[in-house]
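K.L.:
Structure incoming, see below.
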Amino acid sequence: MIKKNNNRELTNSKNSIEDKEEPFFELLNDMVSFVSVLEPDGTMIFVNNTLLEAVGAKLEDVKGKKCYDAYWWAYSGEVREKIKADITKCAKGEKIRHEVQARIVDGSLIWVAFNMHPVYDDAGNIRYLVSEGYDITERKQVLADIKQKVAYLDNMPTYMAVTDVAGSLQFTSAVTIKKLGLTLDGLIGTKFDQMVWWEYSKNVQKRMRSVVSEASEGKSSVFEVDIKQGEDLVPIKYTCDPLRDENGEIYALLHTGTRIDELRAALDDAKQKVAYVDNAPIPIAAVDRDINILFINKIGASVAGTTPEEAIGKKCYDVFDTPECGTEDCCIEQVVKHGQVVTGETRLRGVKEMDVQITCAPFKDSEGNIAGGVKYITDITDLKRLMEEEKKLSDAIVKLSTPIIQIWDDVLMLPLIFYL
Numbered sequence: 001m002i003k004k005n006n007n008r009e010l011t012n013s014k015n016s017i018e019d020k021e022e023p024f025f026e027l028l029n030d031m032v033s034f035v036s037v038l039e040p041d042g043t044m045i046f047v048n049n050t051l052l053e054a055v056g057a058k059l060e061d062v063k064g065k066k067c068y069d070a071y072w073w074a075y076s077g078e079v080r081e082k083i084k085a086d087i088t089k090c091a092k093g094e095k096i097r098h099e100v101q102a103r104i105v106d107g108s109l110i111w112v113a114f115n116m117h118p119v120y121d122d123a124g125n126i127r128y129l130v131s132e133g134y135d136i137t138e139r140k141q142v143l144a145d146i147k148q149k150v151a152y153l154d155n156m157p158t159y160m161a162v163t164d165v166a167g168s169l170q171f172t173s174a175v176t177i178k179k180l181g182l183t184l185d186g187l188i189g190t191k192f193d194q195m196v197w198w199e200y201s202k203n204v205q206k207r208m209r210s211v212v213s214e215a216s217e218g219k220s221s222v223f224e225v226d227i228k229q230g231e232d233l234v235p236i237k238y239t240c241d242p243l244r245d246e247n248g249e250i251y252a253l254l255h256t257g258t259r260i261d262e263l264r265a266a267l268d269d270a271k272q273k274v275a276y277v278d279n280a281p282i283p284i285a286a287v288d289r290d291i292n293i294l295f296i297n298k299i300g301a302s303v304a305g306t307t308p309e310e311a312i313g314k315k316c317y318d319v320f321d322t323p324e325c326g327t328e329d330c331c332i333e334q335v336v337k338h339g340q341v342v343t344g345e346t347r348l349r350g351v352k353e354m355d356v357q358i359t360c361a362p363f364k365d366s367e368g369n370i371a372g373g374v375k376y377i378t379d380i381t382d383l384k385r386l387m388e389e390e391k392k393l394s395d396a397i398v399k400l401s402t403p404i405i406q407i408w409d410d411v412l413m414l415p416l417i418f419y420l
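Heads up: the sequence shown runs through residues 1 to 420, numbered per the UniProt record's numbering.
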């Protein structure tokens with residue numbers, strides 16, 4: 001429907017086209033751009049097929065009308081006046097060039113690279129005005145997309161820079177230079193290894209030169225390094241990757257850096273908390289909704305006769321063995337279903353059989369949905385044994401507190417106590 005710019009410009013300056021209109025117009029019909037030929041007052045005398053097809057019209061529908069009243073311009077009073085002013089200027093010999101939106105057959109607007117220029121007769125008088133337009137909607141959309149992506153990059157917390165294959169800076173995100181009080185214009189062309197954030201160390205600068213050299217040959221790099229911000233050195237995870245065009249040729253290098261000081265602190269804190277759980281004296285396991293073990297501490301794996309590495313990823317019922325495992329009575333199933341803490345006693349079969357009390361509590365994901373349950377197992381074998389022994393002892397005491405005396409065969413005497 002709409003054709004791309006082929007960069008052809010209509011010129012017939014100082015050449016008369018009188019008596020040659022038909023061949024001239026036929027030539028215009030073959031052009032991929034939108035073309036119309038006007039009288040100096042703006043009256044349309046010819047519109048090529050490319051434009052007519054785009055707006056869904058016939059030549060007889062538009063011929064004799066003012067160009068600024070045409071369907072493709074009349075959608076806006078402001079645009080109509082703009083085209084009218086262009087005609088006035090062009091009729092005085094001025095060449096017009098700008099971008100404007102035009103309406104097409106379905107009522108939508110497209111962006112057009114518009115130009116208009118005069119065509120002279122043999123006497124040097126302006127004979128015609130020729131307007132031409134190229135659809136640049138796709139290009140405008142691409143540019144808008146690029147601008148949006150650049151805006152995203154500028155607002156990303158990640159340090160980012162693009163260099164050419166020789167290591168000269170072409171672009172860097174705002175976050176990279178903002179805290180340093182620098183501007184992009186002042187940095188363009190600077191060698192990457194000479195950027196101010198590497199100045200604290202000759203060894204780091206040397207390494208960066210090596211990274212650029214290797215990336216220009218297709219090798220990516222990933223490592224941790226410090227970047228200087230003011231008087232501080234901030235640890236980052238640095239990457240360098242070659243960027244390739246559609247033919248696979250390297251045309252630029254992408255450098256990124258992600259701060260890891262806070263990440264390191266968070267990881268250290270997480271490791272410490274995991275260590276607390278891992279060294280807890282009772283078996284603990286985290287299980288997802290599908291009964292897959294996400295975490296199990298050392299003693300939990302030991303009780304099941306395995307290791308944490310072997311247990312993680314397996315079904316809980318393939319690691320632990322109780323009468324409830326694999327049934328609807330499974331405490332994790334109950335937790336996922338009802339979202340409440342479940343506690344119960346059962347028999348655990350593993351390295352050794354034991355009586356246990358299992359407590360399961362739900363845990364949620366970042367959106368507040370129940371993602372699984374955490375299982376705590378307490379060995380109550382000794383407690384159960386003590387309770388049974390206590391019951392036996394209690395029964396024995398009761399028996400001893402009621403003396404029975406045998407008088408002779410088949411005759412027993414026991415006291416009867418009456419309370420008055």
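C-beta atoms are modelled at their ideal positions from N, C-alpha and C, and glycine is treated no differently.
#1: Excluding sequence positions up to five away, which residues of its chain have a Cβ less than 6 Å from the Cβ of residue 19?
#2: How far does the alpha helix (DSSP H) with residue 88 in it extend, from its first residue to its last?
#3: Please state whether DSSP places residue 216 in a helix, a strand or coil.
#4: Quick check: residue 278 and residue 297, are their CB atoms within less than 8 Å of each other?
#5: So the beta strand (DSSP E) residue 131 belongs to, where does it begin and stop?
#6: If contacts are defined as beta-carbon pairs under 8 Å, then residue 58 and residue 44 qualify, I think. What distance do you get, rounded to the angstrom?
#7: Hey, quick one: how far does the beta strand (DSSP E) through residue 170 stretch, first residue to last?
#8: Considering only their Cβ atoms, is the gap separating residue 300 from residue 284 smaller than 8 Å?
#9: Assuming residue 242 and residue 233 form a contact by the criterion Cβ under 8 Å, report the distance between their Cβ atoms to the nearest whole angstrom.
#10: Identify the continuous alpha helix (DSSP H) that holds residue 101 and give its terminal residues.
#11: With DSSP collapsed to three states, give me the class of residue 182.
#12: Cβ atoms of residue 102 and residue 72: under 8 Å apart, would you say?
#13: Less than 8 Å between the beta carbons of residue 177 and residue 187, yes or no?
#14: If I measure Cβ to Cβ from residue 332 and keep anything under 8 Å in the same chain, skipping five residues before and after, which residues do I get?
#15: Please report the Cβ distance between residue 93 and residue 136, rounded to the nearest whole angstrom; I am assuming they are in contact, meaning their Cβ atoms lie under 8 Å.
#16: Among 185, 181, 227, 183, which residue has its Cα nearest to the Cα of residue 203?
#17: Please name the residue, chosen from 110, 119, 303, that lies closest to residue 75 on a Cα-to-Cα basis.
#18: Starting from the Cα of residue 342, find the closest Cα among 329, 162, 238, 123 and give me that residue.
#19: From this set, 266, 271, 165, 357, which residue's C-alpha is nearest residue 377's C-alpha?
#20: Taking 8 Å as the limit between beta carbons, can you name the residues of its chain near residue 425, skipping five residues before and five after?
#21: Nearest-angstrom Cα distance between residue 134 and residue 32?
#22: Distance, Cα to Cα, residue 160 vs residue 220?
#23: So, with DSSP's three-state summary, where would you put residue 409?
#24: Please list the terminal residues of the continuous beta strand (DSSP E) segment that includes residue 444.
#25: What are the boundary residues of the alpha helix (DSSP H) that residue 332 is part of?
#26: Residue 282 to residue 293, Cα distance in whole Å?
#27: Can you tell me whether residue 86 is buried or exposed, with buried defined as 16 or more other CB within 10 angstroms of its CB?
#28: What would DSSP say about residue 107, mapped onto helix, strand or coil?
#29: Comparing C-alpha positions only, which one of 78, 229, 207, 345 sits nearest to residue 384?
#30: Tell me residue 345's beta-bridge partners as DSSP assigns them.
#31: Quick one: using the 10 Å Cβ neighbour count with 16 as the cut-off for buried, is residue 393 buried or exposed?
#32: First and last residue of the beta strand (DSSP E) that includes residue 257?
#33: Any idea if residue 238 is buried or exposed, counting beta-carbon neighbours within 10 angstroms, 16 or more meaning buried?
#34: Over the uninterrupted beta strand (DSSP E) stretch that includes residue 61, give me the two end residues.
#35: Once the 5 residues before and after residue 167 are set aside, which same chain residues still bring their CB inside 6 Å of it?
#36: In whole angstroms, what is the alpha-carbon distance linking residue 50 and residue 100?
P.N.:
Reading off the structure:
#1: Confidence at residue 19 is low in this model, with a pLDDT of 47, below 50, so its placement is unreliable and no value can be given for it.
#2: Judged by DSSP secondary structure, residue 88 falls within the alpha helix (DSSP H) whose first and last residues are 77-90.
#3: Three-state DSSP puts residue 216 in a helix.
#4: In contact: residue 278 and residue 297 (Cβ atoms closer than 8 Å).
#5: Note, residue 131: beta strand (DSSP E), 126-135.
#6: Under the criterion of beta carbons closer than 8 Å, residue 58 and residue 44 do not qualify as touching, at roughly 13 Å.
#7: 169-172 is the span of the beta strand (DSSP E), which, as asked, contains residue 170.
#8: Residue 300 sits close to residue 284, with the two beta carbons spaced by under 8 Å.
#9: Residue 242 to residue 233, Cβ: 28 Å. No contact.
#10: Counting along the chain, residue 101 falls outside any alpha helix (DSSP H), though it belongs to the beta strand (DSSP E) covering 96-103.
#11: DSSP places residue 182 outside both helix and strand once states are collapsed to three, so it counts as coil.
#12: Cβ atoms of residue 72 and residue 102: closer than 8 Å.
#13: Contact: yes.
#14: Cβ neighbours of residue 332 beyond the five flanking positions: 287, 291, 316, 360, 372, 373, 375.
#15: With a Cβ gap of about 26 Å, residue 93 and residue 136 do not count as contacting.
#16: Of the listed residues, the one whose Cα sits closest to residue 203 is 227.
#17: For residue 75, the closest alpha carbon among the candidates 110, 119, 303 is that of 110.
#18: Checking every option, the nearest Cα to that of residue 342 belongs to 329.
#19: Closest in C-alpha terms to residue 377, from the list 266, 271, 165, 357, comes 357.
#20: Examination of residue 425 is not possible in this model, given that the chain is present from 1 through 420 alone.
#21: If I take the Cα positions, the gap works out to 8 Å.
#22: Their backbone Cα atoms lie some 15 Å apart in a straight line.
#23: DSSP places residue 409 in coil when its eight states are reduced to three.
#24: What is shown of the chain runs 1 to 420, which leaves residue 444 out entirely.
#25: DSSP places residue 332 inside the alpha helix (DSSP H), whose first and last residues are 331-338.
#26: Pairing residue 282 with residue 293, the inter-Cα distance amounts to about 17 Å.
#27: Answer is buried; the Cβ neighbour count reaches 16.
#28: Coil.
#29: Minimum Cα distance to residue 384 is reached at 345.
#30: Beta bridge pairing from DSSP links residue 345 with 357.
#31: Exposed, since its Cβ has fewer than 16 Cβ neighbours within 10 Å.
#32: 250-259 is the extent of the beta strand (DSSP E) around residue 257.
#33: With 16 or more other Cβ atoms within 10 Å, it is buried.
#34: For residue 61, there is no enclosing beta strand (DSSP E); the enclosing alpha helix (DSSP H) has its first and last residue at 59-62.
#35: Closer than 6 Å at Cβ, skipping near neighbours: 191, 192, 212.
#36: For residue 50 and residue 100, the distance between alpha carbons rounds to 18 Å.
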